[in-house]
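Per my numbering, the very first residue in the sequence shown carries number 103; after that it's consecutive.
Data first, discussion second: the structure below is written as structure tokens.
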Amino acid sequence: MNKQEGSSVVSLRNQNGLPLLEVTDLHKYFRVRSSGGLFGKKNNLKAVDGVSFSVSRGETLGIVGESGSGKSTIARLLLKIDNPTSGVIKFNGRKLSGLLPVELRKLRQHMQYVFQDPLGALDPRMKIIDQVTEPLIIHNIASKSECHDKAAELLRSIDLKDHTFYRYPHELSGGQRQRVVLARALIMEPQLLVCDEPTSALDVSIQAQVINLLARLRERMGLTMIFISHDLNIVRHICERVSVMYLGKVVEQAQIDLLFNSPAHPYTQALLSAIPIPEPGLNRQRIFLKSDPPSPIDLPSGCRFHTRCHRAKPGCAERIPELKSLKNGQLVACHLAHGEI
Ligand code: SF4
103 MNKQEGSSVV
113 SLRNQNGLPL
123 LEVTDLHKYF
133 RVRSSGGLFG
143 KKNNLKAVDG
153 VSFSVSRGET
163 LGIVGESGSG
173 KSTIARLLLK
183 IDNPTSGVIK
193 FNGRKLSGLL
203 PVELRKLRQH
213 MQYVFQDPLG
223 ALDPRMKIID
233 QVTEPLIIHN
243 IASKSECHDK
253 AAELLRSIDL
263 KDHTFYRYPH
273 ELSGGQRQRV
283 VLARALIMEP
293 QLLVCDEPTS
303 ALDVSIQAQV
313 INLLARLRER
323 MGLTMIFISH
333 DLNIVRHICE
343 RVSVMYLGKV
353 VEQAQIDLLF
363 NSPAHPYTQA
373 LLSAIPIPEP
383 GLNRQRIFLK
393 SDPPSPIDLP
403 SGCRFHTRCH
413 RAKPGCAERI
423 PELKSLKNGQ
433 LVACHLAHGE
443 I
């Protein structure tokens with residue numbers, strides 16, 4: 103169907119054995135003034151600080167952390183909305199940094215982004231059907247009527263009724279709008295879908311519907327996904343593996359069941375302790391973090407989490423813990439978890 107497939111500059115053929123996405127030692131620093139207004143000293147804000155991970159085809163990786171942990175910056179770097187300070191991102195074995203603009207445009211068809219705020223992501227002056235058809239027309243995928251039919255079929259498959267196709271975004275509910283944003287991302291049949299807090303602007307009942315829809319679409323389309331959220335409980339319902347981030351670094355990475363059953367990092371333990379247990383009579387002891395997160399431009403020495411950690415020891419402020427594997431394969435950056443203090 104794609105008129106341009108034969109001339110594609112970026113080869114997107116399956117390369118067996120390679121992960122779809124590989125991220126190695128990724129850094130993103132911003133130069134910001136710490137104090138003193140216009141004449142204040144400039145410092146590095148280490149938004150992403152040495153992050154590595156890979157995602158296999160068909161897998162869904164969750165990235166979890168508080169606001170300011172660097173998770174949304176990672177999404178922007180993956181889609182090349184921003185450039186990294188250093189590090190390598192490979193998609194289908196190709197380094198993103200080496201691509202020509204024409205190659206990058208082709209690649210973007212295969213990496214789509216679902217934003218947090220559906221209203222902000224849609225054009226208020228365009229009808230729904232036109233918004234979903236637009237990417238096909240821009241990329242010259244098919245004739246106008248074929249594009250229209252394809253968009254209508256996709257909208258129906260995500261439970262939007264025909265009468266909504268000719269409405270404007272402000273005439274739809276929040277859940278319907280997020281479905282339209284999803285349809286706009288999926289119409290290009292991407293290989294990778296990056297979802298950045300896709301349900302945070304929705305009511306709790308609608309959140310569950312959108313998560314179920316995403317899971318259904320992932321199965322049907324064989325999608326690979328990165329699902330970014332501040333909420334471990336939501337991530338549990340959609341992800342196979344999860345990376346927990348704190349102040350620009352991954353502090354724990356594990357298969358989702360392992361992480362929920364035996365969290366090894368004190369920060370993960372604190373996040374999980376805040377999730378209510380559905381069974382009546384069962385309670386988890388809540389772990390309260392000691393203080394607010396420190397300033398990202400004035401990071402604590404040693405383990406960045408030591409100022410808030412309920413298990414911190416004196417040595418924690420002296421050495422930076424490495425992210426390394428426990429016997430069960432769980433990756434953890436904590437001296438205590440590795441028996442080092
Ligand atoms: Fe807490 Fe120390 Fe582990 Fe850091 S290294 S998470 S401060 S116990």
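Note that beta-carbon positions come from the ideal geometry of N, C-alpha and C, so glycine has one too.
All figures in this text were calculated on a predicted structure; none of them were measured in a lab.
Task: Rounded separation between Cys411 and Ala372 - CA only - done: 9 Å
Open item on the list: Given 7 Å as the limit, tell me if His408 has its C-beta closer than that to any heavy atom belonging to ligand 1.
Closed with: yes
Open item on the list: Assuming contact is defined by CB atoms lying nearer than 8 Å, are Thr175 and Val150 in contact in what I supplied?
Closed with: yes
Task: Closest residue to Pro365 among Gly431, Ala253 and Arg178 (Cα-Cα distance) - done: Gly431
- [ ] Could you give the DSSP three-state label for Gly108: helix, strand or coil?
- [x] Bear in mind that the predicted position of Gly108 carries a pLDDT of just 33, short of 50, making it unreliable; the figure below should be weighed with that in mind. If DSSP states are grouped into helix, strand and coil, Gly108 belongs with the helices.
Open item on the list: Considering Cα atoms alone, identify which of Val234, Glu255 and Ala177 is closest to Phe217.
Closed with: Ala177
Task: Between the CA atoms of Lys173 and Leu179 - distance to the nearest angstrom - done: 10 Å
Open item on the list: By the DSSP assignment, the alpha helix (DSSP H) with Ile239 in it spans what residues?
Closed with: Ile230 to Ile240
Open item on the list: Just to confirm my understanding: we take Arg269, look at its own chain, exclude 5 residues before and 5 after, and list those with CB closer than 8 Å. What are they?
Closed with: Lys229 and Ile230
Open item on the list: Using only CA atoms, which one of His440, Ile443 and Val434 lies nearest to Val153?
Closed with: Val434
Task: Short Cβ contact (8 Å threshold) for Lys130 with Thr187 - done: yes
Open item on the list: For Thr326, list the residues DSSP reports as bridge partners.
Closed with: Leu294
Task: Residue burial classification, Ser109 (beta-carbon count within 10 angstroms, cutoff 16) - done: Any reading at Ser109 must be qualified, since the residue scores a pLDDT of 32, below 50, and its modelled position is unreliable; the value itself is stated next. Classification for Ser109: exposed.
Open item on the list: Shorter than 7 Å, the distance from the beta carbon of Lys351 to the closest heavy atom of ligand 1, or not?
Closed with: no
TODO: Would you check if the distance between the CB atom of Leu401 and the CB atom of Lys148 is smaller than 8 Å?
DONE: yes
Task: As assigned by DSSP and simplified to three states, the class of Leu123 - done: strand
Open item on the list: Excluding the 5 residues flanking Gln355 on each side, which residues of the same chain have their C-beta closer than 6 Å to its C-beta?
Closed with: Ser345 and Leu433
Task: Buried or exposed (CB count within 10 angstroms, at least 16 for buried), Ala419 - done: exposed
Open item on the list: Is Pro368 a contact residue of ligand 1, with contact defined as CB to any heavy atom under 7 Å?
Closed with: yes
Open item on the list: To the nearest angstrom, how far is the alpha carbon of Asp333 from that of Glu205?
Closed with: 35 Å
- [ ] Using three-state DSSP, classify Glu248 as helix, strand or coil.
- [x] helix
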